[in-house]
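To keep things clear, I will list the structure first and then write my remarks on it.
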Amino acid sequence: MNIFRIGGDLSHLISIFILLHKMRTSKSCIGISFKSQVLYLIVYVTRYLDLLWTFQHSTYNSLMKIIFIGSSAYTIYLMLNDFKPTHDPNIDTFKVEYLIGGSAILALLFPYKWTTSEVLWSFSIWLESVAILPQLFMLQRTGEAETITTHYIFALGAYRALYIPNWLCRYLFENFTDPIAIIAGIIQTILYSDFFYIYYTK
Amino acid sequence: VAATPLKDEL
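See the structure below:
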């Protein structure tokens, strides 16, 4: 495992910690897109189904997968229960049907194999690349975002951005390549790029 | 078709 891969995974963990910390300390979920959070849960559940049969292959991967699914479900639980009064659906209006539909079409057209787990894996990769859009859309609508929310989005974006040099390293040193993940990862990073730019300049 | 390699990334 190279430094970029570890950095990416660490960044992903940090983003989750920031999000949960923000909700618990402010006792609210203001500024957090519920739709994006639901998309992430769908992403993790469809991608990490392989926990059922690859659990023993890598303790690191399996542990991370459980953390990602668990924390994502917990975030949604908090938004639906404890902090429900602070959630305003009127500003969280992005049409996620298109994101889910588009990802499903791409997954069905170009999976590595036409098996349930491969199609779901591919679906999760495409969906992850666009899952932040409801959150960015919400940020744009409300204008000023809390600093903590921008830190969350930055850490989450850095995760997939760091996977790009990781793929380059793996291509050069391990002859490893994963076209679906790479193309979707680049799209994902481009979607964040405008946000990254604003984050750096503010 | 070759077996799909194990996904070793997150």
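One line per chain: the protein sequences are F and Z, in this order. Okay, so the first sequence: first residue is 998 according to this note's numbering, each after it adds one. Okay, so the second sequence: first residue is 404 according to this note's numbering, each after it adds one. C-beta: ideal position from N, C-alpha, C; glycine also.
Item                                                                                                                                                                 : Value
Taking Cβ positions, are Leu1043/F and Phe1120/F nearer each other than 8 Å?                                                                                         : A small fix is needed here, since residue 1043/F is Thr in this sequence, not Leu. Yes, the Cβ-Cβ distance between Thr1043/F and Phe1120/F is below 8 Å.
Rounded to whole angstroms, what is the Cα-Cα separation between Ser1059/F and Asn1087/F?                                                                            : 37 Å
Residue range of the alpha helix (DSSP H) that Lys1199/F falls in?                                                                                                   : Segment: none, Lys1199/F is in no alpha helix (DSSP H) and carries neither H nor E.
Can you find the residues in the same chain that come closer than 6 Å, C-beta to C-beta, to Thr1083/F, ignoring five residues on each side of it along the sequence? : Ser1025, Cys1026, Ile1027
According to a CB-to-CB cut-off of less than 8 Å, which residues of the region 1128 to 1140 of chain F neighbour chain Z?                                            : none
Report the three-state DSSP secondary structure of Ser1055/F (helix, strand or coil).                                                                                : coil
Would you mind giving the Cβ-Cβ distance between Phe1134/F and Phe1091/F, rounded to the nearest angstrom? I have them listed as a contact below 8 Å.                : 4 Å
My assumption, with CB atoms under 8 Å, is that Gly1154/F sits in contact with Tyr1189/F. Please give the rounded CB distance.                                       : 4 Å
Ordered along the chain, which non-local residues of its own chain (more than five positions away) have a Cβ less than 8 Å from that of Gln1034/F?                   : Ser1069, Thr1072, Ile1073, Met1076
Taking the runs of the alpha helix (DSSP H) that are 4 residues or longer, which of them lie wholly in the region 1085 to 1131 of chain F?                           : 1093 to 1106, 1113 to 1127
Within 8 Å, do at least three Cβ pairs link the region 1096 to 1113 of chain F to the region 1008 to 1017 of chain F?                                                : no
Along chain Z, in chain order, which residues have C-beta atoms closer than 9 Å to that of Asn1058/F?                                                                : Lys410, Asp411, Glu412, Leu413
Any Cβ of chain Z within less than 8 Å of the Cβ of Trp1118/F?                                                                                                       : yes
Just the Cα atoms here: how many angstroms apart are Phe1001/F and Leu1105/F?                                                                                        : 30 Å
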